[in-house]
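Protein chains in written order, with the numbering used here: chain A, 167 to 615; chain V, 62 to 404; chain R, 40 to 440.
The beta-carbon is built from N, C-alpha and C at its ideal position, and this holds for glycine as well.
Quick caveat: nothing in here was measured; it's all calculated off a predicted structure.
Heads up, the thing below is written out as structure tokens.
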Amino acid sequence: MSNSNFSRRGVLKTGAIASAGLAVPTYLRADGHTGFTNAPADGGPVKFGFNVPQTGPYAEEGLDELRAQELAVEHLNGIGDGGLLNTFSEKNLDGTGILGHKVEFVTGDTQTKSDVARASAQSMIQKDGCIMINGGSSSGVAVAVQGLCQDAGVIFMAGLTHSNDTTGKDKKANGFRHFFNGYMSGAALGPVLEAEYGNERNAYHLTADYTWGWTQQESIQASTEALGWTTNQNVLTPVGAGDFSSYIAPVLNSGADTLILNHYGGDMVNSLTQAVQFGLKDKQVNGKDFTIIVPLYSELMAAGAGSNIQGVFGSMNWNWQLQDEGTKAFVKSFGEKFGFPPSGAAHTCYVQTLLYADAVTRAGTFNPCGVAEALEDFDFDGMGNGPTTYRGADHQCFKDVLVMKGTDNPTNQFDTLEIVEVTPRAQVEYEPDHPMFAGGDLGECNPGA
Amino acid sequence: MDDIILQILNGLDKGSAYALIALGLTLIFGTLGVVNFAHGALFLIGAFCSVSVSRLLSISFEMVDETQLDFLGNPLKVETPYVHAWFGPEMGASLIDWAVPIAILFAIPVMILVGFVMERGLIKHFYHRPHADQILVTFGLAIVIGEIVKANFGANPIPTPAPAAFAGAMDFGVMLGFEPNAIIYPIWRLVYFLFSMVIIAAVFVFLQFTTFGMVVRAGMADRETVGLLGIDIDKRFTFMFGLAAAVAGLAGVMYTPILSPNYNIGMDFLVLSFVVVVVGGMGSLPGAVLAGFMLGILQSFASMNEVKSILPGIDQIIIYLVAIIILLTRPRGLMGRKGVMEE
Amino acid sequence: MLGMNGKDTTLFIVVCLMVLLAPILLNPFPTGSAFAQFNAGYPALLQRFVIFGILVIGFNILFGLTGYLSFGHAAFLGVGSFAAVWMFKLLSYNIVPAIVLSVIVAGLFSVVIGYVSLRRSGIYFSILTLAFAQMMYSIAYSDLVGKVIGTPITNGETGLQVYNDDPQILLGDGPKTPHLFGLEMNSSFTWDVGGWSFVFQNGYYLAGILMIASFYLAIRIFRSPFGLILRSIKSNQNRLNYTGISTRPYMLTAFVISGMYAGLAGGLLAAMDPLTGAERMFWTASGEIVIMSILGGVGTLIGPILGAGVIKYMENIVSTINDNVVHGWVAFMPDGLENFFVAIIHPFIGKGWHLTLGLVFMAVVIFLPGGLVELGQRIGAKFRRKKAPESAATSAEKGTV
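Okay, here's the thing in structure tokens:
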């Protein structure tokens, strides 16, 4: 094991101090010959750190990510049916690990708290010698861990994080995001909402009062106003409020005919359930049927909201009901092992693990700078999202986005959402210097050591 | 005007939840003097009584339907609840639909039993221990209960809808002579308000007008003297613990249609219920109820857009702000007794 | 020695040795062995041990001596961290101004909050501190101050961190990571010996030395006339008032001292890892401080530090043990037995670490009414009884340790 979060100068200095202070026989292990943090020993295993919420509100989502990550490691090591390795457009991975190193992993609990997530990631880097950190279920945590990985000199492959900031103002050279973002949700939902609800809607936003909520609300407001919709109010609600009734009660008398819930997880389950209890879905305002929209969906929320979700539009990064070969291969692998279809968060974490492994093979090194270069502007296909590009300018993946709707007549317990439209990638693309993403600085890739 | 009435209505119904939870807590904390961090867990157990009943009613047998396929392309296993088979599809469906009200009947004995076991098995040994020890042991218990629930039901919120008859909203304004569609309010929330009024009234009547209640009140005021009179006050306190558990549990059962429960729901309510009890004043049942309604209504008003536009974020801090103001102007909360938990 | 009595000197020396040798002592299993999972001797966790140690030492001056239970102490930790990160953003990565300012800011907050809250006692005091802390948490989480001013102050849930385009007017050519006049906090020195690999990190030793200093100060406060007055407030505040002593100034001093300890801990957290978020101020964080103190043994000098260590250990180590790891431990068993063993242990590790935590809390308070310190005393007493039965640990001793 080698902790190598140090600069050469620091090593020499501390080395001197420590030897003087302790006067014990020592030898300096500078790790300089490898040139980067946690380089795997020749022929030894390489370790990934899977840092997901295992307790707290997103525990189920985190555990689903963990299942997918374990599956990815099995496939990399040649166990099981190979899953997406069979459909992936690159064929460098052959089930013998990565560059001859067997893949191992360690797990940690982020509790969906930035501090804890960083502590857990530090433990993976310092104690377990992980070369890559993957997973997570919150933008705040993703931004925090991404910053840590940048400083420590390891690659961070983000899990579920939807805030524009992750690859906007908080982007980092060592961090990569496969998941889509608030802007893409807005861009994908726009045309579908126009076709479904016309150009004259008056929208009332309830927004979770933190960065993810703000960026998503901004994105959705921009794309709906481009359709000609007006924005009635944007009301910020405390995170974890539980009872949203006092925010929902004024909606009906406000003159709005559309309610947009910029909430996620438990907050969204509660606000949607309560909005439906207020009878919003059955009302007529301005001569139109009142409508509720939930811009970001997940299987977790769909299951928690039960029948309230029927007919409600939203967007997703990926869904197991897609019919392409990649999706079918992944659903089969995952479904046969665990007995239920994978969630979108699971898919992202699985794909991120494979993409990292492939980038290492193409780069021929685990050096984060080499890996980053291999991932930048990398085009691939066969991972369930259609042709995809990892843009070099901000390390954001560009791919098709799914517009979803709550199934009206579910036939089984997994049948909660249906795919309305696969929005083509061209429609959700944006320039790296788009105002909603401006202000960040990717910086230089950091190999550590 | 209708906005104001809407928020008063909303405040009453928020307040009834706070009052109900605080009532149970104040019976244990304000009167028995035990700092019970496991009170949220009692609310949690109540909420999951409701989930359990709906699960029990929907226990199903599987039949393989060759005509349909599941997500992996295998023949679909169709699940039919036993109640459908036993009582016919219609009766079965309405039984499942009424799971939450049925859970009330189920929860009362369960919660009283839980309360007894908790008091006899654990809390009893901590009456004479420092408050610090009470905090640690009840907090530990709360974590353990939460984890057991998580192990059995997962960490996701579980939808537990109200019966179809109570789903949706009604036009409350018309009953008060307003224009139609001015004040629309969910039926289940009105039911919750009425339910909590009944429970609160029942607890007060019980303590005020029965001999048993009289002895308990005397015991709260001066436990030793009552003991000297030859009354086995311990037994009655055990019963009170059971009663408090039942009140907390029922609050949980009835709240599930409003808030899909998950294993953390108890902790979410824990801090708030302590604030309500202390603002109401230690040792005072009417104080706890009053504080619950007051904080509920103030929070509703603070959430109005008109208020938030003047004071951004006021809705997030109003409860704590009010708590500070009250505790500084009234040394023992609204109706607290001197000397209870002041050391 | 240094103005301490014999027993305190022994305790102090033990603590010093523990802190200095922790990177070795807490790494008992060779790297790569099946039980290396239990090693806690890596810098990130060691730092947390000593920083949370400082926090609870300070908390103990308030709660342990006076019995006033502050349920909002994490707020001071939080403001300390925010102050430190702002210093990094504005000046440079030198930790001296950051830590000094974090102590001062936490001190100012504790003067105001203490002055108001100490007007009440008992549970009313606890709820007042809780209310202040929760308000500060909400304000930081949604960055209400930033919204009014128009520029992020706490940066909401994402947390405050240093960006490349921050002013950092004193940065110059200095290191781009927190440092003490050039000595970088995250640089370390690795000593490989046998199968072991011990890491000695600058940041840990800085925090460790500050913890030793904090501990020394706490011993002196515990044994001073001031400490005696604080104790008498706990035992009978009324009597003190009747004898004409106004307790408020003493209480406020204790409150501010413990608030500044929390600020120091917050500043150090930021110095080790320059990012901070509002969740550091949430009530569960305050509750954790209370639990740490009680778990270790309220009112004892060393107890709260042990409590902090146990909780941080569980959070960082038990939560990372997954089924694969357990399989690794018991690989020597026959398959059936191995799977059985893993199945038994499965609920308590990884995602189930909270369950273990809850059970430990209950077990400690039921079987060790004096907290973890009592465990040490009982063991100590057992050993001593063999040598000299009459010197068994007594409850009188418990009061003084």
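Judging by CA-CA distance, which residue of Thr582(A), Asp566(A), Val567(A) and Ser499(A) is the nearest neighbour of threonine 573(A)? Within the first sequence, the letter at position 407 stands for residue 573(A). For threonine 573(A), the nearest C-alpha among the options comes from Thr582(A).
Check for me: the beta strand (DSSP E) holding phenylalanine 216(A) runs from which residue to which? Numbered from its first residue, the first sequence carries residue 216(A) at position 50. Note, phenylalanine 216(A): beta strand (DSSP E), 212-218.
Can you check whether the C-beta of glycine 215(V) is within less than 8 Å of a C-beta belonging to chain A? Residue mapping note: residue 215(V) aligns to position 154 of the second sequence, counting from 1. Glycine 215(V) counts as touching chain A.
Quick one: grab the DSSP three-state call for arginine 181(V). Locating residue 181(V) in the second sequence gives position 120, where the first residue counts as 1. Reduced to three states, the DSSP call for arginine 181(V) is helix.
Uninterrupted beta strand (DSSP E) stretches inside the stretch 300-385 of chain A (no shorter than 3 residues): 321-324, 341-343 and 368-374
So, under 8 Å CB-CB, phenylalanine 138(A) and leucine 232(A) are touching, yes? Tell me the CB distance rounded to an integer number of Å. Since the first residue shown for chain A is 167 and the last is 615, residue 138(A) is missing from the structure and cannot be characterised.
Evaluate glycine 187(A) with the Cβ neighbour count: other Cβ atoms within 10 Å of its Cβ, from every protein chain shown; 16 or more gives buried, anything less gives exposed. The count along the first sequence starts at 1 and reaches residue 187(A) at position 21. Per-residue confidence for glycine 187(A) stands at a pLDDT of 36, beneath the threshold of 50, marking its modelled position as unreliable; the derived number appears in the next sentence. Flag for glycine 187(A) reads exposed.
For leucine 70(V), name the three-state secondary structure that DSSP assigns. Mapped onto the second sequence, residue 70(V) falls at position 9. The answer is helix: DSSP assigns leucine 70(V) an H, G or I state.
Reducing DSSP to helix, strand and coil, say where histidine 408(R) ends up. As a working mapping, residue 408(R) is identified with position 369 in the third sequence. Residue identity check: residue 408(R) is proline in the sequence provided, not histidine. Correct three-state label for proline 408(R): coil.
Closest residue to threonine 381(A) among Asp423(A), Thr332(A) and Leu251(A) (Cα-Cα distance): Mapped onto the first sequence, residue 381(A) falls at position 215. When only C-alpha atoms are compared, the closest one is Thr332(A).
Determine the closest residue to aspartate 376(V) out of Gly213(R), Ser297(R), Ser253(R) and Gln173(R), with distance taken between C-alpha atoms. For the purposes of this step, residue 376(V) is taken as residue 315 along the second sequence, with counting starting at 1. Taking only the C-alpha atoms, the option nearest aspartate 376(V) is Gln173(R).
Which residues of chain R have a Cβ atom closer than 7 Å to the Cβ of valine 339(V), listed in chain order? Position 278 of the second sequence, counting from 1, holds the residue named residue 339(V). Near valine 339(V) (Cβ distances below 7 Å), the residues of chain R are Ile162, Tyr163 and Ile166.
Do leucine 609(A) and alanine 230(V) have their CB atoms nearer than 8 Å? Counting from one through the first sequence, the residue named residue 609(A) turns up at place 443. Counting from one through the second sequence, the residue named residue 230(V) turns up at place 169. Contrary to the premise, residue 609(A) reads as glycine rather than leucine in this sequence. Going by C-beta atoms, glycine 609(A) is not nearer than 8 Å to alanine 230(V).
Buried or exposed for alanine 525(A), please, with buried defined as at least 16 other CB atoms from any protein chain shown within 10 angstroms of its CB. Position 359 of the first sequence, counting from 1, holds the residue named residue 525(A). Buried, because 16 or more other Cβ atoms sit within 10 Å of the Cβ of alanine 525(A).
Which residues mark the beginning and the end of the beta strand (DSSP E) in which threonine 403(A) is found? In the first sequence, counting from the first residue as 1, residue 403(A) sits at position 237. Here the beta strand (DSSP E) through threonine 403(A) covers 396-403.
Bounding residues of the alpha helix (DSSP H) (the contiguous stretch that carries glycine 138(V)): Counting from 1 along the second sequence, the entry for residue 138(V) is found at position 77. The question names glycine, but residue 138(V) in the sequence shown is lysine. First-last for lysine 138(V): 136-142, but that is the beta strand (DSSP E), not the alpha helix (DSSP H).
Can you check the stretch 216-243 of chain R for any alpha helix (DSSP H) of at least 4 residues that lies completely inside it and give the ranges in chain order? none
Run through DSSP, which three-state label would glutamine 562(A) get? As a working note, residue 562(A) is residue 396 in the first sequence. Glutamine 562(A) falls in the strand class under three-state DSSP.
Hey, out of Gly356(A), Asp247(A), Ser464(A) and Asp409(A), whose CA is closest to phenylalanine 345(A)'s CA? Translated into the one-based positions of the first sequence, residue 345(A) becomes position 179. Of the listed residues, the one whose Cα sits closest to phenylalanine 345(A) is Ser464(A).
What residues are listed by DSSP as bridge partners for alanine 230(V)? For the purposes of this step, residue 230(V) is taken as residue 169 along the second sequence, with counting starting at 1. Answer by DSSP bridge pairing, in chain order: Pro247(V).
In the structure shown, what three-state DSSP assignment does threonine 457(A) receive? Working through the first sequence from its first residue, we reach residue 457(A) at position 291. Of the three classes helix, strand and coil, the one that applies to threonine 457(A) here is strand, per DSSP.
Give the single residue among Pro576(A), Leu326(A), Lys335(A) and Glu270(A) whose Cα lies nearest to the Cα of isoleucine 630(A). Within the shown structure, residues of chain A are numbered from 167 to 615, placing residue 630(A) beyond reach of any answer.
Give me the Cβ distance between leucine 250(A) and glycine 492(A), rounded to the nearest whole Å; I'm assuming they're in contact under 8 Å. By one-based count along the first sequence, residue 250(A) stands at place 84. By one-based count along the first sequence, residue 492(A) stands at place 326. About 6 Å; that satisfies the 8 Å criterion.
Going by beta carbon distance, what residues of the same chain come within less than 6 Å of valine 235(V), once the five residues before and after it are set aside? What you label residue 235(V) is simply residue 174 of the second sequence in a count that begins at 1. Hits under 6 Å: Pro241.
Uninterrupted alpha helix (DSSP H) stretches inside the stretch 446-504 of chain A (no shorter than 4 residues): 465-471 and 491-504
Have a look at the DSSP bridge pairing and note the partners of glutamine 200(R). Position 161 of the third sequence, counted from the start, is the residue given in the question as residue 200(R). Answer by DSSP bridge pairing, in chain order: Leu314(R).
Please list the partners that glycine 391(R) has in chain V, where partner means a Cβ-to-Cβ separation under 9 Å. Position 352 of the third sequence, counted from the start, is the residue given in the question as residue 391(R). In chain order: Glu208, Lys211 and Ala212.
Give a yes or no on whether the minimum CB-CB distance between proline 162(V) and chain A is below 8 Å. By 1-based counting over the second sequence, the position of residue 162(V) is 101. Answer no: the Cβ-Cβ gap between proline 162(V) and chain A never drops below 8 Å.
For glycine 198(R), which residues from the same chain have a beta carbon less than 7 Å from its beta carbon, with the 5 sequence-adjacent residues on both sides left out? Taking the third sequence and counting its residues from 1, the one referred to as residue 198(R) is at position 159. Closer than 7 Å at the Cβ level, and outside the excluded window around glycine 198(R), lie Leu314, Thr315 and Gly316.
Determine the contact status of phenylalanine 104(V) and glycine 313(V), defining contact as a CB-CB distance below 8 Å. In the second sequence, counting from the first residue as 1, residue 104(V) sits at position 43. In the second sequence, counting from the first residue as 1, residue 313(V) sits at position 252. Yes; because the gap between Cβ atoms is below 8 Å, this pair is in contact.
If the criterion is Cβ atoms closer than 8 Å, does the pair valine 205(V) and leucine 398(R) meet it? As a first step, residue 205(V) is located in the second sequence; it is residue number 144 there, counting from the start. As a first step, residue 398(R) is located in the third sequence; it is residue number 359 there, counting from the start. Yes. Within cutoff.
Beta strand (DSSP E) segment containing methionine 124(V), residue limits: Sequence index remark: in the second sequence, residue 124(V) carries index 63 (1-based). Its beta strand (DSSP E) spans residues 121-130.
Leaving aside the five residues before and after valine 295(R) along the sequence, list all residues of the same chain whose C-beta is less than 7 Å from its C-beta, in chain order. Mapped onto the third sequence, residue 295(R) falls at position 256. Cβ within range, chain order: Gly146, Ser149, Val150 and Gly153.
Assess contact between the stretch 588-599 of chain A and the stretch 551-565 of chain A, defined as three or more Cβ pairs (one per stretch) separated by less than 8 Å. Is contact present? yes
Check the Cβ-Cβ distances between arginine 319(R) and every residue of chain V, and say whether any is below 8 Å. Locating residue 319(R) in the third sequence gives position 280, counting from the first residue. Arginine 319(R) does not count as touching chain V.
Please state the DSSP three-state secondary structure of leucine 395(V). For the purposes of this step, residue 395(V) is taken as residue 334 along the second sequence, with counting starting at 1. In this structure, leucine 395(V) counts as coil in the three-state DSSP scheme.
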